[in-house]
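Have a look at the structure below before the remarks.
Numbering (full-length UniProt numbering), first residue to last: 1 to 630.
What follows is the structure in structure tokens.
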């Protein structure tokens with residue numbers, strides 16, 4: 001069976017309407033035509049389904065408006081029937097960033113997407129199975145692939161992302177699997193949707209110029225349906241797995257305006273999508289030529305996990321989402337070519353029915369063989385055999401579990417999850433309080449920054465622009481500390497903007513003052529005028545930082561005391577500030593106290609050096625007046 005491909009065209013968004021873009025997409029039955037405004041017909045494609053959701057009437061378009069319900073019926077309704085029959089299934093949404101993938105797959109609380117509607121359909125079928133005497137069990141798991149690392153979304157770690165990364169492994173009989181991924185037994189669509197909603201809350205997202213709520217990870221919601229029919233001692237089992245995949249959108253940095261962390265995310269997103277494209281192309285060429293080819297499944301985590309859904313034992317549907325805008329011509333054509341290649345993939349889906357006792361016996365035999373090989377193995381062979389043995393024992397244990405035992409295990413995991421979520425909530429409450437305090441302090445910080453700025457200007461003017469004086473060196477060092485202070489503050493506030501991330505240990509640079517520190521280390525001079533402009537920029541950043549969402553990580557420590565001491569030692573020539581490393585600044589600060597002490601420290605130093613210069617006769621009357629005012 002070939003991969004089924006549907007194309008959905010979203011409405012024009014506000015920015016596209018403001019730029020007076022033209023609707024260049026037309027749909028007629030299962031045909032999709034893209035017009036090139038300069039050359040006429042840009043391309044014509046034929047797919048299994050063409051879904052027009054652009055909400056605009058244009059000449060040459062024949063298809064009616066496609067609602068969320070119509071999209072579900074076209075894309076997933078038939079597939080859900082196959083899943084209940086015992087086939088594996090997969091639906092994955094592909095398209096450029098902001099083209100409507102997540103809306104199509106997840107929907108809104110009032111207009112469900114494919115996944116919530118599939119959940120409702122599944123439990124309708126399960127209730128029918130129960131009435132016919134078939135014992136069934138529905139298990140769900142939810143994970144994301146972020147920067148080529150896998151993280152469970154149903155049991156997020158309280159220790160942060162890096163400590164919750166899961167390994168992908170492959171069993172020779174059962175295929176790729178994620179080691180340690182949590183699965184929950186659910187007995188109703190309400191339970192399933194609650195877990196789906198919880199997982200979406202902690203999924204990695206961010207803002208780009210093309211999408212205010214851009215998914216920065218690939219998300220995979222896995223539903224496993226197990227059906228058992230007992231006839232005396234014979235137990236027949238049907239196990240079907242449904243992968244519902246919301247891919248992160250492909251993007252061009254020139255359009256998304258992504259920089260720093262967002263740019264790194266975009267690079268990894270595009271890399272995995274390129275690997276997916278390579279797999280699709282290789283499978284299509286294999287089908288066309290009739291000769292086996294190497295399929296590069298392991299080039300990315302995404303394609304490795306979806307191995308069975310691409311050319312394997314699965315009935316697969318691809319939902320390609322596009323924009324109708326002339327501004328997105330290149331991206332739309334790229335998506336449609338991608339989808340056209342996917343049409344040529346042929347999967348080999350079979351009903352996953354087996355005699356449970358025979359499968360368990362085969363696994364037991366395999367386990368005994370692995371144990372025997374392990375006794376005579378060494379080095380890397382021993383490690384590989386140990387991993388395979390652990391995987392086989394895991395699968396055997398799962399197959400031997402009764403439905404009641406699975407339910408009990410799920411309840412135990414759910415209790416652990418509740419405790420973890422409670423700890424996370426306590427952390428977030430503390431962080432909300434910290435952020436509230438930071439918001440209240442913003443006005444006072446702005447006033448103090450302005451006061452420091454005025455003093456910088458006064459000292460520079462009254463002392464005749466002495467660029468080599470220790471006063472100027474002090475001011476430069478104060479600027480470095482203030483820069484690093486705001487770097488940490490901005491890091492936490494930007495982390496808050498991604499409300500799904502409890503602990504984000506990525507340090508973000510503050511661009512306005514990012515060039516001050518390197519100049520000091522290299523021995524360069526910084527004019528007070530440049531510092532003034534930099535401080536004004538910092539002042540403008542503070543209100544924006546204060547309005548960020550109240551979810552971030554604040555780390556309290558003695559950073560302030562250490563670095564003020566460093567400034568004092570710098571003036572005595574004991575400990576150059578430039579010897580501090582970036583790691584020295586990766587901590588939380590009592591920002592208000594730091595700024596207050598810096599102001600006081602500035603006054604004392606100017607007074608001290610003013611007295612000295614007056615004794616030496618190098619301080620003019622204007623300088624004396626400046627000293628008096630300070």
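Note that the Cβ used here is the ideal one computed from N, Cα and C, for glycine as well. Since this is a predicted model, take the numbers as computed values, not measurements.
Based on Cα-Cα distance, which residue from 170, 139 and 341 lies nearest to residue 320? 341
Determine the DSSP secondary structure at residue 48, reduced to helix, strand or coil. coil
Residue 481 burial status per 10 Å Cβ neighbour count (16 or more: buried): Residue confidence for residue 481 is low, a pLDDT of 49 falling below 50, so the modelled location carries little weight; the figure read from the coordinates is stated next. When all chains shown are included, residue 481 counts as buried.
By a C-beta neighbour count over all protein chains shown, 10 Å radius and 16 as the cutoff for buried, is residue 117 buried or exposed? buried
Would you mind sorting residue 187 into buried or exposed? The rule is 16 or more other CB atoms within 10 Å of its CB. Taking every protein chain shown into account, the CB of residue 187 has fewer than 16 other CB atoms within 10 angstroms, so this residue is exposed.
To the nearest angstrom, how far is the alpha carbon of residue 327 from that of residue 145? 29 Å
Use the C-beta contact count for residue 102: other C-beta atoms within 10 angstroms, 16 or more gives buried, fewer gives exposed. buried
Three-way DSSP call (helix, strand, coil) for residue 28 in this model: strand
According to the Cβ coordinates, are residue 238 and residue 351 closer than 8 Å? yes
Return helix, strand or coil for residue 346, following the three-state DSSP convention. strand
Cβ atoms of residue 139 and residue 73: under 8 Å apart, would you say? no
Based on DSSP bridge pairs, tell me the residues matched to residue 246. 93 and 219
Would the segment 294-314 and the segment 357-375 be scored as touching if the rule is three or more Cβ pairs under 8 Å? The segment 294-314 makes no contact with the segment 357-375: fewer than 3 CB pairs, one atom from each, lie closer than 8 Å.
Residue range of the unbroken alpha helix (DSSP H) whose run includes residue 3: Where residue 3 is concerned, there is no enclosing alpha helix (DSSP H), given that its DSSP letter is neither H nor E.
If we count Cβ pairs, one from each stretch, closer than 8 Å, do we get three or more for the segment 308-324 versus the segment 274-284? yes
DSSP on residue 447, reduced to helix/strand/coil? helix
Give the range of the beta strand (DSSP E) segment to which residue 166 is assigned. 165-171
With DSSP run on the structure shown, which of helix, strand or coil describes residue 142? strand
Between which residues of its own chain and residue 296 is the CB-CB distance below 8 Å, once the five residues before and five after are set aside? 275, 278, 279, 282 and 303
Counting C-beta neighbours from all protein chains within 10 Å, is the total for residue 37 16 or more, i.e. buried, or is it exposed? exposed
Expressed to the nearest angstrom, what Euclidean distance is found between the alpha-carbon atoms of residue 119 and residue 86? 16 Å
In whole angstroms, what separates the C-alpha of residue 7 from that of residue 347? 20 Å
Look at residue 1 and residue 315 and say whether their C-beta atoms are less than 8 Å apart. In this structure, residue 315 lies closer than 8 Å to residue 1 by Cβ.
Could you tell me which residues DSSP pairs with residue 319 in its beta bridges? 6 and 93
Give me the residue from 84, 266 and 298 with the minimum Cα distance to residue 127. That would be 84, whose Cα lies nearest to the Cα of residue 127.
Going by beta carbon distance, what residues of the same chain come within less than 6 Å of residue 111, once the five residues before and after it are set aside? 68
Enumerate in chain order the residues of its own chain whose CB-to-CB distance from residue 288 is below 8 Å, with the five nearest sequence positions on each side excluded. 344
Does residue 19 pass the burial test, meaning 16 or more other C-beta atoms within 10 Å, or should it be called exposed? With fewer than 16 neighbouring CB atoms inside 10 Å of its own CB, residue 19 falls in the exposed class.
Local conformation of residue 55 per DSSP, three classes: coil
Rounded to a whole number of angstroms, what is the C-alpha to C-alpha distance between residue 410 and residue 123? 18 Å
Straight-line gap, residue 393 to residue 49 (C-alpha atoms, nearest Å): So the alpha carbons of these two residues sit roughly 43 Å apart.
With distances taken Cα to Cα, identify the nearest neighbour of residue 172 among 156, 388, 330 and 52. 388
Between the CA atoms of residue 332 and residue 97 - distance to the nearest angstrom: 11 Å
Quick check on residue 391: buried or exposed, where buried means 16 or more other Cβ atoms within 10 Å of its Cβ? buried
Identity of the residue in 88, 426 and 378 nearest residue 225 by Cα: When each option's Cα is compared against that of residue 225, the closest is 88.
Less than 8 Å between the beta carbons of residue 61 and residue 26, yes or no? yes
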